[in-house]
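Participant: A single structure is presented below for examination.
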Amino acid sequence: IGCEYHILHKKRWSSHQVRIYLKKGVDLRRKSVVIVDDIISSGQTMLETIRQLKASGITDITVICVHGIFAENALERIKKAGAKVYSCNTIPNPAEKIDVSAILAEALSGWK
Numbered sequence: 159i160g161c162e163y164h165i166l167h168k169k170r171w172s173s174h175q176v177r178i179y180l181k182k183g184v185d186l187r188r189k190s191v192v193i194v195d196d197i198i199s200s201g202q203t204m205l206e207t208i209r210q211l212k213a214s215g216i217t218d219i220t221v222i223c224v225h226g227i228f229a230e231n232a233l234e235r236i237k238k239a240g241a242k243v244y245s246c247n248t249i250p251n252p253a254e255k256i257d258v259s260a261i262l263a264e265a266l267s268g269w270k
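So this is what it looks like as structure tokens:
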């Protein structure tokens with residue numbers, strides 16, 4: 159889509175203990191950041207990512223996920239951490255704003 163992007167790396171010790179790493183020398187201050195993830199379940203990875211981004215001076219954070227499970231009140235905790243949250247409608251949840259039904263229907267129409 160023609161925008162700057164960076165890949166975050168994750169070290170996971172358990173479902174509630176994670177550390178996120180961003181390549182050294184990347185300066186995201188004064189930028190709007192969009193974090194894209196496939197699944198948000200407990201939300202710990204996202205919360206740690208938001209925490210680290212905010213510590214580095216970022217204030218405008220948007221989170222987008224495909225599958226929003228949002229267990230353990232994760233959606234509210236992520237919002238409280240200061241991020242806007244949007245998910246696809248693959249799993250019913252209050253953040254589902256991205257309708258993927260037409261894309262899935264088209265993909266499935268060729269199956270026999």
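So the sequence shown is residues 159 to 270, counted in this note's numbering.
Every residue gets a Cβ at the ideal spot worked out from N, C-alpha and C, and that includes glycine.
1) Report the start-end ranges of each alpha helix (DSSP H) in the segment 197-260 that is 4 residues or longer and not cut off at the edges.
2) At the level of alpha carbons, what is the spacing between Q210 and I249?
3) Assuming T203 and K168 are in contact, meaning their beta carbons sit under 8 Å apart, how far apart are those beta carbons, in whole angstroms?
4) Out of C223, V191, V184, I227, state which residue places its alpha-carbon closest to the alpha-carbon of G240.
5) To the nearest angstrom, how far is it from the Cα of W269 to the Cα of A260?
6) May I ask you to report which of helix, strand or coil DSSP gives S173?
Facilitator: In this structure, then:
1) 202-213, 232-238
2) Answer to the nearest angstrom: the Cα atoms are 28 Å apart.
3) The beta-carbon distance between T203 and K168, rounded to whole angstroms, is 6 Å. This is short enough to meet the 8 Å contact definition.
4) V191
5) Cα-Cα distance, rounded: 15 Å.
6) coil
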